[in-house]
Amino acid sequence: MNNVLLDHFFPPKERFSLLPRLRAHKSVPPLTTNEIAAALSKCSPTSAPGPDGIPYSTWKQVNKINPSILLQILARLVLLRYHPASLKGSNGVVRDKPGKASYESPSFFRIIVLIRTFSKILERIIAAHLLTAARLRGLLHPNQCGSLPGFSTYDACLTLTNDIKTLQWPHLKGSSLFLDIKAGFDNVDNNTLARILREGRIPPYLVSWVSSFLGERSCTLIFQGAPGTPAPST
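Under my numbering, the first residue of the sequence shown carries the number 1, and numbering increases by one thereafter.
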């Protein structure tokens, strides 16, 4: 079952060529303690940690006592455009979808992936840098709501409701098209994503870091009878 689930949720992909040598990039903006504090503020202390078992509350306490500890480590990783292999392992908690007549197909299960909390802090920092770069280069659609600070699904619903009521006022009819892209994030091609980022004029240090983050990842499935061995997930 372990291999069946891995093949279904993490199908084999072409290996991505990582950086041959770690070199500091000249155009990397200096990381600040405010950025780290902002990233930590979005991390819930009740979130389940990954393989390291370290909750976010621990990192918040560390940063409160001595902010230079996280700053020195994270700033170096951003400068080198590198996501360490030690942070790429994750636990995949397997949960069955309720109400199924049988569970013979892997599609009747879902996996909750738990990554190391330290990795998530770095991800949030990079995500903020990507957001800034995307806004400066006009890469975001004006109606984009999800994954943006200050905008959510609630805003998208309000916008849709407003458009419908505007059409109803002069007795016109409106229609909506909803698309559900299945398993989109699980099947991102690393090389294609890097090309799209370069074409969008995203700073090279961010392209390199994203490539490093996506390469050579592993996941250990957690369920009754699981072998407990990590397997490639990219």
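All C-beta atoms, glycine included, are put in the ideal place defined by N, C-alpha and C. This structure is a prediction, so every number in the text was calculated from the model and none was measured.
Quiz item: Of all the options Pro-203, Ser-105, Pro-106 and Ile-181, which has the alpha carbon lying nearest to the alpha carbon of His-129?
Solution: As a first step, residue 129 is located in the sequence shown; it is residue number 129 there, counting from the start. Looking from the CA of His-129, the closest CA among Pro-203, Ser-105, Pro-106 and Ile-181 belongs to Pro-203.
Quiz item: Just reading off the alpha helix (DSSP H) that Phe-213 is part of, what are its end residues?
Solution: Within the sequence shown, residue 213 is the residue found at index 213, counting from 1. Taken as a continuous stretch (DSSP letters only), the alpha helix (DSSP H) holding Phe-213 covers 204-214.
Exercise. May I ask you to report which of helix, strand or coil DSSP gives Ala-250?
Key: It is not possible to answer for residue 250, since the shown part of the chain is limited to 1 through 234.
Quiz prompt | Residue nearest to Arg-116 in terms of C-alpha spacing, selected from Leu-136, Leu-131, Lys-88 and Glu-104 | solution = Along the sequence shown, read from residue 1 onward, the residue named residue 116 stands at position 116. Its Cα nearest to that of Arg-116, the residue Lys-88 stands out among Leu-136, Leu-131, Lys-88 and Glu-104.
Quiz prompt | Short Cβ contact (7 angstroms threshold) for Ser-212 with Pro-232 | solution = As a first step, residue 212 must be located in the sequence shown, where it is residue number 212. As a first step, residue 232 must be located in the sequence shown, where it is residue number 232. Contact flag unset, no.
Quiz item: Going by beta carbon distance, what residues of the same chain come within less than 8 angstroms of Ile-36, once the five residues before and after it are set aside?
Solution: One-based indexing of the sequence shown puts residue 36 at position 36. Exclusion of the five residues before and after Ile-36 leaves Asn-63, Pro-67, Leu-70, Leu-71, Leu-74, Ile-121 and Ile-125 as the residues of its chain whose Cβ lies within less than 8 angstroms of its Cβ.
Quiz prompt | Integer Cβ distance of Gly-174 from Ile-181, believed to fall under 8 angstroms | solution = The sequence position of residue 174 within the sequence shown is 174, counting from 1. The sequence position of residue 181 within the sequence shown is 181, counting from 1. 23 angstroms between Cβ atoms; not a contact.
Practice problem: Can you give me the Cβ contacts of Ser-176 inside the same chain, cut-off strictly under 7 angstroms, excluding the 5 residues immediately before and after it? | Solution: For the purposes of this step, residue 176 is taken as residue 176 along the sequence shown, with counting starting at 1. Taken in chain order, the residues that qualify are Leu-160.
Self-check item: Endpoints, beta strand (DSSP E) assigned at Val-94
Solution: Numbered from 1 along the sequence shown, position 94 holds the residue referred to as residue 94. First-last of the beta strand (DSSP E) with Val-94: 89-96.
Exercise. Assess, as a yes-or-no matter, whether the segment 223-232 is touched by the segment 137-154 under the definition of 3 or more beta carbon pairs within less than 8 angstroms.
Key: No: the two stretches stay apart, fewer than three of their Cβ pairs being nearer than 8 angstroms.
Exercise. Put Phe-178 into one of helix, strand or coil per three-state DSSP.
Key: Within the sequence shown, numbered from 1, the residue matching residue 178 stands at position 178. Three-state result, Phe-178: coil.
Quiz prompt | According to DSSP, residues forming a beta bridge with Thr-220 | solution = By one-based count along the sequence shown, residue 220 stands at place 220. Residue pairing by DSSP places Thr-220 opposite Asn-91 in a beta bridge.
Self-check item: CA nearest to the CA of Ser-86, picked from Glu-199, Ile-196, Asp-52 and Leu-197
Solution: Here residue 86 corresponds to residue number 86 of the sequence shown, with the count starting at 1. Of the candidates Glu-199, Ile-196, Asp-52 and Leu-197, the one whose C-alpha sits nearest the C-alpha of Ser-86 is Asp-52.
Quiz item: Using a beta-carbon distance below 7 angstroms, is Arg-124 in contact with chain C?
Solution: In the structure shown, chain C does not exist; there is a single protein chain.
Practice problem: Under the assumption that Cys-145 contacts Ala-127 (Cβ atoms under 8 angstroms), give the Cβ distance between them as a whole number of angstroms. | Solution: Here residue 145 refers to the residue found at position 145 when the sequence shown is read from its first residue. Here residue 127 refers to the residue found at position 127 when the sequence shown is read from its first residue. About 16 angstroms; that fails the 8 angstroms criterion.
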